[in-house]
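Here the protein sequences line up with chains A and B, keeping their order. Using this note's numbering, the first residue of the first sequence is number 1, and each one after it goes up by one. Using this note's numbering, the first residue of the second sequence is number 1, and each one after it goes up by one. Just so you know, even glycine gets a beta-carbon here, dropped at the ideal spot from N, CA and C. Some notes on the structure that comes next.
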Amino acid sequence: MRNRFDRQLSELNNNLTEMGALCENAIYLAVRAFIEGELEFAKKSVEVDSEIDEKEKEIEQQCLRLLLQQQPVARDLRIISSALKMITDIERIGDQASDIAELAQYTVGTYSMISPHIKKMAEESVKMVKDSIDSFVKRDQKLAESVIAYDDIVDSLFYTVKCDIIELLKSENTNGEAIIDVLMIAKYLERIADHATNIAEWVLFSITGKHKEE
Amino acid sequence: MTEKMIKAITKVLVIALLFTIVLILGVLYEHFTNEQFFQLRNQLQVIEKGVVLDGKDFFDGLNINEYRITWIESDGEVIYDSKASSDTMENHMEREEFKEALESGYGQSSRNSVTLSEKTLYSAKRLPDGSVLRVSTTQLSVISLVMSMLRPIFIIALVALILSVVFARRVSKKAIEPINNINLEDPLSNDVYEELSPLLLRIDKQNQKIKAQMDDLTQKNKEITYVIENVSDGIITLDKNGKVIMSNKKAEEIFSCSEGNYYLDFCRNLDYKFAVEEAFKGNSSTCVINIDNIVYKIYASTTKSENEDISVFLFISDVTDEESAQKMRREFTANVSHELKTPLSTILGSAELIENGIVKPAEIPYFAKKIHEEAARLLNLIQDIIKLSRLDEGNLTSEFVDIELFDICKSVRESLLEKSETREISIDIICDNSKIKGIKPVINEMIYNLCDNAITYNKEKGKVVIEVKTLDDKVSLKVSDTGIGIEKSDIPHIFERFYRVDKSRSKETGGTGLGLSIVKHGAELHKAKISVESEIDKGTTIEIQFPKIM
């Protein structure tokens, strides 16, 4: 009985890793589409997002089945409930990645004139997502903690980008649409970083049993 | 085993018992019957005396119970019988013993009773008066004797059975115990009863065979493990659930993966994921991934073997060099076509203008000069490409000979004299009598190209120094200038084909962009090392270190 349960848990873990890998690639492709203006990447990113949605449904069903059939307690319950929470965050990252990918078509070549800092912000967000998935795969408590701490850096970068845009708005020669697009992308990136933080928090919860309350 | 033994022992016992009974009964019964007859005869003699003396009166008062006495007339009429009244008895004329006694004086016979349970023995004698005196006794018949012995026989059989069970148990235990306690590792050292020796010998032989096979397998296993572990490519095998079964050293180095990892645990690249998924579907596939700027090509394939545990096989090889070589080749082809195209378009354009009569006769020399210059440039370029491709292939016809570097430096200075004088640049040679082994035209070309560059990228009234020195185990050739210098970021690229530090001035300064590339290939051919030191606005020093002649 326990053997079967262990196997199901390991399947859940593998599925989560797979979904994490998809999400990581979705945001990576979206950011590359945005920075390099390569629209092929944008298309791919949107495709990956639909795969993420499917995976979310699959994992959700798997978790519910486990909860009903096995009635897990203690650590097992923690793993399953944190998995349920994590897929929501991963799925949101996928959605926002595909949003960025769509906006990327309209901002080709203009973003660096609007805000030179957004590139760094995008790269840092990608790194945060990568690290949060990494911390899950490796059950790395330290890495998860560093991801949570890293959120402040992305937040401050968002503030810098906002300042850049305000400066630009003050001058007369402005391209309103592109500015709004870049601002939205910045906001998406900031949200993605928040979701990455959430994932890291759930990873910590599944390891230690304590969830950080704000 | 014990059961069989019990059966065997019991069988033997039963048979022995039966034989014994039959034998004893047969022999003893015969013996006792004879004895009985003997006694009857004695008795008969005693009674005979009495009867002869006393007649019938002898029987009065005679009290014998063991025997039956009968006195019979010669015509068979019974005169007296001790057990029954003589009147009721039938005529004994036909009795066997009677007939015999009448004839020979003595007769005897035996008869079974109707129920067969008793046997009567008769002994008869003829008296002198012709009558016959008969004495008889009864004894148990064989059958009733056997019947009476049945109980003891049964008891003996039972005891025998019990004993056979006990003995069989004990014997089989004794036989089995040493077999169970055999030391299988070293069978010949066992101290057992001798019937087991052939078994032990066979075990020993088998042991040796197994050991030889095991050694063989271990050796093969070791070899395979050694090959897999030390091969320069990464090898990973996955089970049907996507978990790592085995990974070699290189794979662990690349991915830091270990046994039991899920295949996405150590690499989450999308192309990799798709390639592995394809392999799980049964289609072999490849992908190229980049990890920390090292390019790996991964072959993922299904193992269609009977071993169901392994289902996907990953083969990871480092293709960074191949990738960059391919990139360089692509760039080179693009560059060559571009470089060839530029002078040709100028030639074509000028010639077309002249052909169509657009150019005034007075201007023709100008266009002719242009065509001449561009054609010369084209020729130079093609010559350089030919030189390079020759160096690339490495099959130069010239032999390696001893070369005095000073001679070559002098001739290079001669040939560059005109160019240097127009820019008022001095060329100094500091040279000892160093010699190297090399191909003269290639060395000449190398030094020429270095000096040519040193003049081209120098300042007016600058200086070029060629310095040749013999060091401990090598010969150093340095060409230094006081020119414009090279940016640090450009230094790694200056030996690439068609690479220009200042792309906008390439036409102005002339040259093909292949000079340093030729130097590099020449150096490789001579197993020499090149090093570059440069400072912006101060100058550049390029040093080539040739191996010393031994």
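Assuming residue i is part of the beta strand (DSSP E), what are its boundary residues?
i, result
"residue 184(A)", "No beta strand (DSSP E) holds residue 184(A); the alpha helix (DSSP H) holding it covers 176-208."
"residue 342(B)", "From DSSP, residue 342(B) is part of no beta strand (DSSP E) but of the alpha helix (DSSP H) over 320-355."
"residue 404(B)", "401-404"
"residue 546(B)", "539-547"
"residue 123(A)", "From DSSP, residue 123(A) is part of no beta strand (DSSP E) but of the alpha helix (DSSP H) over 118-138."
"residue 532(B)", "529-535"
In its own chain, which residues sit with a C-beta less than 7 Å from the C-beta of residue i, not counting the 5 before and 5 after it?
i, result
"residue 72(B)", "78, 79, 92, 98, 131, 132 and 134"
"residue 419(B)", "455"
"residue 8(A)", "66"
"residue 367(B)", "350, 353, 354 and 359"
"residue 122(A)", "31, 34, 35 and 189"
"residue 313(B)", "237, 301 and 303"
"residue 47(B)", "69, 133 and 135"
By DSSP's criteria, residue i is part of a beta bridge. Which residues make up the other side?
i, result
"residue 287(B)", "298(B)"
"residue 30(B)", "DSSP output for residue 30(B) lists no bridge partner at all."
"residue 122(B)", "109(B) and 136(B)"
"residue 70(B)", "81(B) and 134(B)"
"residue 235(B)", "315(B)"
"residue 429(B)", "466(B)"
"residue 262(B)", "243(B)"
"residue 477(B)", "468(B) and 544(B)"
"residue 435(B)", "404(B)"
Once you ignore the five residues that flank residue i on each side, which residues in its own chain have a CB closer than 6 Å to its CB?
i, result
"residue 454(B)", "464, 479 and 481"
"residue 499(B)", "493"
"residue 180(B)", "none"
"residue 187(B)", "200, 203 and 204"
"residue 536(B)", "485"
"residue 213(B)", "none"
"residue 50(B)", "58"
"residue 377(B)", "343"
"residue 19(A)", "55 and 90"
Report the CB separation of residue i from residue j in whole angstroms; it is logged as a contact under 8 Å.
i, j, result
"residue 295(B)", "residue 319(B)", "5 Å"
"residue 549(B)", "residue 530(B)", "Going by Cβ atoms, the distance from residue 549(B) to residue 530(B) rounds to 20 Å, so no, they are not a contact pair."
"residue 37(B)", "residue 108(B)", "6 Å"
"residue 67(B)", "residue 43(B)", "6 Å"
"residue 114(B)", "residue 25(B)", "Not quite, the Cβ-Cβ distance comes to about 22 Å (not below 8 Å), so this is no contact."
"residue 90(A)", "residue 23(A)", "5 Å"
"residue 217(A)", "residue 268(B)", "This structure cannot speak to residue 217(A), because chain A is shown only from 1 to 214."
"residue 105(A)", "residue 42(A)", "6 Å"
"residue 299(B)", "residue 315(B)", "4 Å"
Taking residue i as part of the alpha helix (DSSP H), name the residues at either end of that continuous run.
i, result
"residue 255(B)", "249-255"
"residue 80(B)", "Element bounds for residue 80(B): not the alpha helix (DSSP H) but the beta strand (DSSP E), 78-81."
"residue 520(B)", "515-525"
"residue 57(A)", "39-70"
"residue 20(A)", "2-36"
"residue 443(B)", "440-456"
"residue 146(B)", "142-180"
"residue 87(B)", "Run containing residue 87(B): none; DSSP gives neither H nor E here."
"residue 227(B)", "197-230"
"residue 276(B)", "270-281"
"residue 369(B)", "364-393"
"residue 423(B)", "Taken as a continuous stretch (DSSP letters only), residue 423(B) belongs to no alpha helix (DSSP H), as it is neither H nor E."
"residue 143(A)", "141-170"
"residue 186(B)", "Careful: residue 186(B) lies outside any alpha helix (DSSP H) and carries neither H nor E."
"residue 496(B)", "Element bounds for residue 496(B): n/a, residue is neither H nor E."
"residue 1(B)", "Segment: none, residue 1(B) is in no alpha helix (DSSP H) and carries neither H nor E."
Does the beta carbon of residue i fall short of 7 Å from some heavy atom of the ligand HEM?
i, result
"residue 55(B)", "Summarising the ligand content, the structure contains no ligands, and the ligand HEM is consequently not present."
Quick one: residues in its chain with C-beta nearer than 8 Å to the C-beta of residue i, no 5 flanking neighbours on either side, listed in chain order?
i, result
"residue 258(B)", "244, 247 and 252"
"residue 78(A)", "205, 206 and 209"
"residue 495(B)", "516, 517, 519, 520 and 530"
Would you call the segment 154-166 of chain A and the segment 190-206 of chain A touching, i.e. three or more CB-CB distances under 8 Å?
yes
Take every Cβ of the segment 109-119 of chain A, pair it with every Cβ of the segment 53-65 of chain A, and state whether three or more of those distances are shorter than 8 Å.
no
Taking three-plus beta-carbon pairs below 8 Å as touching, is the segment 334-342 of chain B in contact with the segment 377-385 of chain B?
yes
The segment 30-47 of chain A contacting the segment 5-17 of chain A, beta-carbon criterion three pairs below 8 Å:
no
Give a yes or no on contact between the segment 161-168 of chain B and the segment 2-18 of chain B, applying the rule of three or more CB pairs nearer than 8 Å.
yes
Within 8 Å, do at least three Cβ pairs link the segment 423-439 of chain B to the segment 398-411 of chain B?
yes
Hey, is the segment 521-530 of chain B in contact with the segment 441-452 of chain B, meaning 3+ C-beta pairs nearer than 8 Å?
yes
Is there contact here, the segment 151-161 of chain B with the segment 80-89 of chain B, by at least three beta-carbon pairs under 8 Å?
no
Say whether the segment 95-102 of chain A touches the segment 131-147 of chain A, bearing in mind that this needs 3 or more beta-carbon pairs closer than 8 Å, one atom from each stretch.
no
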